Amino acid sequence: MFERVLGLPAHPLFIHAAVVLVPLLAIAGILYAVWPGARRHVRWTMIVLAVATPGAVFAAKESGEAFETSDNFQSAELQAKIEEHEGFGSDLFLIVLGLALVALVMAYLVRPLAGESVGPVAAHWALAGLTVLLGLAAFYYVFKTGDSGAHMVWDGF
1 MFERVLGLPA
11 HPLFIHAAVV
21 LVPLLAIAGI
31 LYAVWPGARR
41 HVRWTMIVLA
51 VATPGAVFAA
61 KESGEAFETS
71 DNFQSAELQA
81 KIEEHEGFGS
91 DLFLIVLGLA
101 LVALVMAYLV
111 RPLAGESVGP
121 VAAHWALAGL
131 TVLLGLAAFY
141 YVFKTGDSGA
151 HMVWDGF
């Protein structure tokens with residue numbers, strides 16, 4: 001299912017959605033967490049991104065696993081590079097799942113106007129801190145995943 005789209009390898013197509021959506025989710029989540037004035041402007045965008053981004057990263061991850069089985073990528077050296085790239089992608093997927101979940105909980109608990117919180121204030125600050133940490137981790141892992149994949153392509157495997 002994740003191997004080809006219109007006869008082309010799906011992985012190079014799907015990664016573009018992940019590369020765009022992950023940073024957008026991280027930015028929206030961090031803005032919502034630390035800037036009360038931005039909450040009413042980014043709330044629904046953050047919610048939509050929190051739903052869509054894990055799906056994009058999952059599609060990129062699964063298509064990469066299907067792409068890996070190609071006969072062109074079976075050398076031991078290339079398989080080692082693919083394993084490293086796959087590890088970054090797996091970590092990214094878990095981080096994005098966590099970020100999406102925290103963003104959705106924060107959208108529910110922290111109201112967009114005047115920083116009102118449905119739950120305890122400590123939960124608000126814990127969610128905000130967790131959002132910032134996961135957002136920064138998402139930036140790092142989307143970069144490392146993309147960088148390792150790009151080096152495989154542009155350095156000639």
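Take 1 as the starting number for the sequence shown in my numbering and just add one per residue. Note that CB positions come from ideal geometry on N, CA and C, so glycine has one too. Predicted model, so just to flag it, every value in this text is computed and none were measured.
As assigned by DSSP and simplified to three states, the class of residue i
i, result
"Val110", "strand"
"Val19", "helix"
"Leu6", "coil"
"Gly55", "helix"
"Asp155", "coil"
"Thr45", "helix"
"Val132", "helix"
"Val118", "coil"
"Thr69", "coil"
"Trp35", "coil"
"Ser75", "coil"
Contact check, residue i vs residue j, beta carbons under 9 angstroms
i, j, result
"Ile30", "Ala107", "no"
"Ala138", "Leu49", "no"
"Ala56", "Val22", "yes"
"Thr45", "Phe88", "no"
"Ala123", "Leu134", "no"
Distance between beta carbons of residue j and residue i, contact taken as under 8 angstroms
i, j, result
"Val142", "Leu92", "6 angstroms"
"Ala52", "Phe2", "Not really, about 17 angstroms apart at Cβ, beyond 8 angstroms."
"Arg43", "Pro120", "Rounded, the Cβ-Cβ distance is 20 angstroms, inconsistent with contact."
"Ser148", "Glu68", "About 13 angstroms separates the two Cβ atoms, so there is no contact after all."
Quiz item: Is it true that the stretch 89 to 101 meets the stretch 121 to 141, where meeting means three or more beta-carbon pairs spaced less than 8 angstroms apart?
Solution: Per the Cβ contact rule, the stretch 89 to 101 is in contact with the stretch 121 to 141 (3 or more Cβ pairs under 8 angstroms).
Practice problem: Flag this pair as touching only if the stretch 60 to 76 and the stretch 9 to 18 have three or more C-beta atom pairs under 8 angstroms; answer yes or no. | Solution: Yes, they touch.
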